[in-house]
Amino acid sequence: MTSVPLANADFPYDVEFHRLARMRPHYRWWRVLLTGVVGIVLYVSLGGTVMMMLAIAAVFLPAVGVAVDSFMASSDTGSFDLDNPWLVASLLVPLIMLFPVLLIASRLVQGRDTGLLSSVVGRIRWRWLGRTLLLAMGVFTTGFAIWIGLETALGVPLELTFAHPGIPVMLLLVVLLVPFQAAAEEYVFRGYLMQLIGAWLRHPAFAILLPVPLFVLGHGYDVWGGLAIGVFAAVAGWLCWRTGGLEAAISMHIVNNVMIFALASIGLVDGNATSGTPVVLLAQSSIIVGYALLVVRTADRQGVRRRGGGMIRRHGPGQASQPENDQAETAQAARSWASRIV
1 MTSVPLANAD
11 FPYDVEFHRL
21 ARMRPHYRWW
31 RVLLTGVVGI
41 VLYVSLGGTV
51 MMMLAIAAVF
61 LPAVGVAVDS
71 FMASSDTGSF
81 DLDNPWLVAS
91 LLVPLIMLFP
101 VLLIASRLVQ
111 GRDTGLLSSV
121 VGRIRWRWLG
131 RTLLLAMGVF
141 TTGFAIWIGL
151 ETALGVPLEL
161 TFAHPGIPVM
171 LLLVVLLVPF
181 QAAAEEYVFR
191 GYLMQLIGAW
201 LRHPAFAILL
211 PVPLFVLGHG
221 YDVWGGLAIG
231 VFAAVAGWLC
241 WRTGGLEAAI
251 SMHIVNNVMI
261 FALASIGLVD
271 GNATSGTPVV
281 LLAQSSIIVG
291 YALLVVRTAD
301 RQGVRRRGGG
311 MIRRHGPGQA
321 SQPENDQAET
331 AQAARSWASR
341 IV
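Those letters in the sequence shown? Residues 1 to 342, per UniProt numbering, in order.
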């Protein structure tokens, strides 16, 4: 597995995921923060442009106006009709747009090597992503099946239904859109925010835990529901640090969200629920922690890289990157250099 060439000064590096912002060209402490500011401005500008276009379209196409009114009404009540495909799409698409906005802002402010937001090798490790997706599907399917089975055994009423006419379209949109929505959130909360904090604070606990409250607040749950979301966010951050990239967290997020949307469409879970219970917290936490432990065990067995290692060199005439496996001569220098990072 090889990494993309990085355009920075000539020095060895041996850096964990949350510290990778320091490997970007022309690193300055304020550039990472400025990336977020530029991203917010771009996102708000994009949202305003879309709303203006919808307002103009509603004048000429009444159906567009009805759809916008329906979406705004559902937003005001905090409830989404999961059988209405277009409301589901209108929920997911704005979140998906976080991803290109972040990449553009990161490229504009921090320069090249935006791939370091993905992993320590400077890109998404697709084979590893595929493996973690399979692990997530196995663990979450088993966990949800046990959970629903226990609720049934305890007499909790289930209102299973396939009567909603919009189910096929809704499920298709979920399968197509949720992976991008989940990935976008991971890039923002576990990619950008972890590396923002890691650029300033060395210990990974800060980078893992400090973004958690923001992730919880973005979901609007009560105390028990918020704790469940907090466990999800903390475990996702820990996986990014422990495996050197976003892949395992993205897989967990995708499978969790797809299953919730799918089960909600047939009445097995409440897709609009904003409250939780200690039992739900325990069940969800068990599934998430079980998945994380399985991922880490698999990563260790397969030698998945959790630190960036090698030589970063400026690329000019006659220069090339040092091969990654040529670390014997630079390992000590790398550790010495990394230890001097404040």
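Positions of the beta carbon are idealized from the N, C-alpha and C atoms, including for glycine.
Hey, residue i and residue j: beta-carbon distance below 7 Å or not?
i	j	result
Gly244	Val120	yes
Met170	Pro94	no
residue 347	Val38	The shown model of the chain, from 1 to 342, leaves out residue 347, and the question about it has no answer.
Met51	Phe140	no
Leu196	Leu281	no
Ala207	Gly198	yes
Ser285	Val231	yes
Asn255	Met97	Sequence check: residue 255 is Val here, not Asn. No, these two residues do not count as a Cβ contact at 7 Å.
Trp224	Thr152	no
For residue i, tell me which candidate among the options has the shortest Cα-Cα distance.
i	options	result
Leu263	Gly155, Arg123 and Thr161	Thr161
Thr114	Leu282, Gly143, Tyr192 and His253	Tyr192
Leu134	Leu281, Tyr291 and Arg305	Tyr291
Ile250	Ile56, Leu117 and Ala89	Leu117
Gln126	Phe215, Pro213, Leu246 and Leu173	A small correction: the amino acid at residue 126 is Trp; Gln does not occupy that position in the sequence shown. Residue Leu246 is the option with its Cα nearest to Trp126.
Trp241	Asn257, Ser265, Pro204 and Gly122	Pro204
Leu91	His26, Val174, Gly155 and Phe206	Val174
Ile288	Arg28, Ala55 and Gly237	Gly237
Ala145	Pro62, Gly111, Trp30 and Ala283	Ala283
Arg24	Met53, Leu42, Val101 and Arg112	Arg112
DSSP state of residue i, grouped into three classes?
i	result
Glu159	coil
Arg307	strand
Gly47	helix
Ser118	coil
Asp300	helix
Gly149	helix
Gly245	strand
Val15	strand
His253	helix
Leu201	coil
Pro25	coil
residue 343	In this structure the chain extends from 1 to 342, so residue 343 is not present and cannot be described.
Ala328	Residue confidence for Ala328 is low, a pLDDT of 37 falling below 50, so the modelled location carries little weight and cannot support an answer.
Thr35	helix
Ala320	Note on Ala320: pLDDT 32, under 50, position unreliable in the model; the coordinate value appears next. In the structure shown, Ala320 sits in coil (DSSP, three-state: anything other than H, G, I, E or B).
* With contact counted as at least three CB pairs below 8 Å, one residue from each stretch, are the region 168–182 and the region 17–31 in contact? -> no
* Decide yes or no for the touch test of the region 201–215 against the region 255–269: beta carbon pairs closer than 8 Å, at least 3 of them. => no
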